[in-house]
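Notes for the one structure printed next.
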Amino acid sequence: MPSQPSQRIEEEQLLAEWAEVQAAQADPSRFKPLYERYYERIFRYLLRRSEDESITADLCSQVFLKALRRLGQYQYRGLPFSAWLFRIAANELKLFYRQNKRRRVVSADLSIYGELADEPEEMTAQEQAEREAELRRVLSRLKPGELNLIEMRFFEQRPFAEIAAILDVSEATAKMRTYRLLGRLKTQLSTLKRP
C-alpha cells in the first residue's frame, strides 16, 4: 500500500533533518540551524514547567550544551530530532528540581477538566473555576514523571510516538502509562465532586 502524501512529506522532513544532524555530527559548527529551529520550543517547554525565565534560560543553555556534546551519540530512529532534545530537557528539569528541592509547577490550560473528569462541557464560570482548582490540586499530588506525562499528552497534545521517544520507552508503554494515570485522575476527580 503506497504512503499517503502527508506521511511521505513527514518522512522526507525527518530524513532532511537527519542529514542536518549528520552534518553537525561531522562538524559541530553546523549545529546552529538545529539550535535555531528548536531553541524556542525547548525554551517554552521548560518555561511552562518552571515559570521563571532566568531558570528557564539557564536550563535551556544546559540542554543545548549537552545536546552538542552528545551529538555523536544521537541515532536516527524515525522520530524527530526534537524528541531527543525534549528528553534531554526533561532530564535537566528533573535534575534541577531534585538538586534545588523545589516543587514542580503546574502551568497549563486547565480547560481539559471535562476530558479528564468526564463531565458535561456546559458549566457556569464558578463551576469551571472550582473544577479547575480541583484539577490543580489533584495534579499537584502527582509524581514529577506522571505530571510530565499528563502535560505532554493533554496540555501539549504530543503524539504517543513522540512521548515514547522523550521518555525512552515503547509507544505501547507510553499509552499504557497514560491511560492508567488518566484512570487514576478520573477516580480522584470523581471523589472530589460535590453532590
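Numbering (numbering that gives the first Met the number 0), first residue to last: 0 to 194. Using N, Cα and C, we set each Cβ at its ideal position, and we do this for glycine too. As the structure is a prediction and not an experimental result, all values here were calculated from the model.
Residue burial annotation: E161 is buried, with at least 16 other C-beta atoms found within 10 angstroms of its C-beta. With the rule of 3 Cβ pairs closer than 8 angstroms, the stretch 76 to 87 counts as touching the stretch 48 to 67. With at least 16 other beta carbons inside 10 angstroms of its own, I165 counts as buried.
CA-CA distance, D57 to S169, rounds to 30 angstroms.
Of the other Cβ atoms in all chains shown, fewer than 16 fall within 10 Å of the Cβ of N99; this residue is therefore exposed. Nearest in C-alpha terms to R176, of all of P158, R157, E145 and E155, is E145.
Inclusion of A23 and L78 in the CB contact set at 7 angstroms is not warranted, their separation being larger than that value.
Closest option to I149, judged by alpha-carbon separation, among V20, L184, T190 and Y75: L184. Contact between K174 and P143 is absent: CB atoms are separated by about 20 angstroms, not below the 8 angstroms threshold.
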